[in-house]
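Heads up: the structure comes next, in structure tokens.
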Amino acid sequence: METTQARISVVTNACALDADRLHMTLPHWLRVFGDRAAELVVVIDPAPPSGRIASLHAATAGEDVASMLAEVQAVLDELTEADSRVRSTMLPSGATLDAILQRWFRNGRPLRCQAGTPIAAFIAAFESATEPLVARLDCDMLLHDAGWIDAAITSLCSGGAEWVEPPRCGLRPERTIEVSTRVSMLHYPRFSHRLLPMRPWPLDRLRRFHRWWHGRPPWLALEQMLEKERRAGRLRFHYLGDEPNAASLGMSLHVPTRDHARLPIIESVVAAVEAGEVPAAQWAAGPNFRVEAWA
Numbered sequence: 000m001e002t003t004q005a006r007i008s009v010v011t012n013a014c015a016l017d018a019d020r021l022h023m024t025l026p027h028w029l030r031v032f033g034d035r036a037a038e039l040v041v042v043i044d045p046a047p048p049s050g051r052i053a054s055l056h057a058a059t060a061g062e063d064v065a066s067m068l069a070e071v072q073a074v075l076d077e078l079t080e081a082d083s084r085v086r087s088t089m090l091p092s093g094a095t096l097d098a099i100l101q102r103w104f105r106n107g108r109p110l111r112c113q114a115g116t117p118i119a120a121f122i123a124a125f126e127s128a129t130e131p132l133v134a135r136l137d138c139d140m141l142l143h144d145a146g147w148i149d150a151a152i153t154s155l156c157s158g159g160a161e162w163v164e165p166p167r168c169g170l171r172p173e174r175t176i177e178v179s180t181r182v183s184m185l186h187y188p189r190f191s192h193r194l195l196p197m198r199p200w201p202l203d204r205l206r207r208f209h210r211w212w213h214g215r216p217p218w219l220a221l222e223q224m225l226e227k228e229r230r231a232g233r234l235r236f237h238y239l240g241d242e243p244n245a246a247s248l249g250m251s252l253h254v255p256t257r258d259h260a261r262l263p264i265i266e267s268v269v270a271a272v273e274a275g276e277v278p279a280a281q282w283a284a285g286p287n288f289r290v291e292a293w294a
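For the sequence shown, the positions run 0 to 294 when numbering that gives the first Met the number 0 is used.
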């Protein structure tokens with residue numbers, strides 16, 4: 000397959016907290032992937048955020064989830080009007096969602112991990128794709144492509160890996176990298192054939208009891224499950240940051256909170272990352288956005 004002809008389904012999932020971040024990232028991704036993006040699909044999880052996710056974004060019980068979901072939908076409606084490749088769908092429920100989870104897991108139906116990170120919504124995003132090549136991104140990720148997309152396509156289509164990640168800002172090749180779901184590219188039919196259904200990995204027995212006692216799920220995060228599969232030799236993971244030319248391929252940058260997405264400087268940050276013009280202080284700080292590095 001010629002990389003210039005490859006078509007990619009770009010997918011993500013979002014919750015009620017994500018209107019500002021979707022406004023920040025979706026037009027950016029369309030520019031980064033360009034004509035290779037056959038579609039950009041957003042799966043919306045209507046359930047209120049919980050656990051670590053709610054704490055990270057300072058979500059409070061007093062916030063109107065319905066109103067925030069309406070803001071999310073308004074952002075998506077605006078983007079869909081501007082570019083017909085953008086579409087959104089609600090996270091399925093009932094028998095439809097159960098069938099999706101059954102394709103992924105031999106037993107158990109994990110919706111969220113023990114810390115509140117989505118599992119079902121991540122999986123539904125993958126399942127929403129219509130192209131074999133799928134790029135799944137968290138809705139708070141910024142990208143600079145100087146060759147990593149083509150390198151990922153080559154790795155996937157040659158059968159060298161099922162899961163490929165671009166270099167992360169600031170991480171050197173000598174660092175040990177585990178599987179991440181923040182930015183990933185898959186040849187989804189090959190990934191599915193090789194790995195699925197897989198085991199829904201839980202916490203250890205003591206921590207499972209603790210989470211059960213507090214009414215929380217027992218599951219590891221999806222990326223932790225995938226890391227266990229990688230270590231067992233069932234998933235081939237290719238981190239492009241380990242390549243000798245990693246510095247010339249581009250990178251990803253994580254913008255952790257919705258407050259960051261509301262900063263007055265965020266549009267200039269997006270433009271700079273897109274162009275590969277990242278301050279040395281941010282590169283030194285690593286793959287998570289540091290506002291002081293952009294002063």
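Quick reminder that beta carbons are idealized off the backbone N, C-alpha and C, glycines included.
Close Cβ partners of residue i (< 7 Å) along its chain, the five nearest in sequence each way excluded
i      : result
Asn287 : His253 and Pro255
Gly285 : Cys168, Gly169 and Leu170
Arg108 : Asp97 and Leu100
Gly240 : Pro166, Arg167, Leu170, Pro172 and Ile176
Pro201 : Arg207, Pro217, Trp218 and Leu219
Met89  : Ile43 and Pro45
Ala120 : Asn12, Val42, Asp44 and Leu90
Length of the line joining the Cα atoms of residue i and residue j
i      : j      : result
Leu195 : Leu225 : 11 Å
Cys156 : His186 : 7 Å
Met67  : Pro243 : 44 Å
Asp19  : Glu266 : 12 Å
Trp103 : Glu77  : 33 Å
Ile43  : Asp82  : 19 Å
Arg215 : Ala294 : 40 Å
Glu126 : Pro263 : 35 Å
Thr24  : Phe32  : 12 Å
Arg111 : Asp149 : 32 Å
Ser179 : Arg135 : 11 Å
Trp211 : Leu75  : 37 Å
Gly275 : Ala124 : 28 Å
Gln113 : Arg230 : 21 Å
Ser87  : Arg233 : 32 Å
Ala94  : Asn106 : 15 Å
Ala270 : Pro91  : 34 Å
Ala65  : Ile122 : 23 Å
Val290 : Ser251 : 16 Å
Val268 : Val71  : 22 Å
Met184 : Pro131 : 10 Å
Gly158 : Arg193 : 11 Å
Asp63  : Pro26  : 26 Å
Arg235 : Gln223 : 14 Å
Asp258 : Arg198 : 36 Å
Leu296 : Ala69  : As shown, the chain starts at 0 and ends at 294. That puts residue 296 outside it, with no answer to give.
Ser191 : Ile118 : 16 Å
Asp203 : Trp28  : 38 Å
Presumed contact (8 Å Cβ cut-off) between residue i and residue j, rounded CB distance
i      : j      : result
Ala15  : Leu21  : Contact flag wrong, Cβ pair sits at about 11 Å.
Arg35  : Ala5   : 6 Å
Val133 : His237 : Not a contact, Cβ separation roughly 15 Å.
Arg189 : Glu161 : 6 Å
Val272 : Leu141 : 4 Å
Cβ-based neighbour list, residue i, same chain, cut-off 8 Å, excluding 5 preceding and 5 following
i      : result
Thr129 : Ser8, Ala37 and Glu38
Met0   : Here the model assigns Met0 a pLDDT of 47, short of 50, so the residue's position is not dependable and the matter cannot be decided.
Arg261 : Asp19
Ala73  : Ala18
His213 : none
Residues near residue i in its chain [Cβ-Cβ closer than 6 Å; skip 5 each side]
i      : result
Ala292 : Pro278, Ala280, Gln281 and Ala284
Ala246 : none
Val85  : Leu39, Leu78 and Thr79
Cys138 : Thr11, Ala13, Asp17, Arg20, Leu21 and Thr24
Ser154 : Ala160, Val163 and His237
Lys227 : Trp200
So, do the segment 203-219 and the segment 143-159 have three or more beta carbon pairs nearer to each other than 8 Å? no
Report the start-end ranges of each beta strand (DSSP E) in the segment 208-252 that is 3 residues or longer and not cut off at the edges. 236-238
Which whole runs of the beta strand (DSSP E) in the segment 48-135 are 3 residues long or more, in chain order? 85-89
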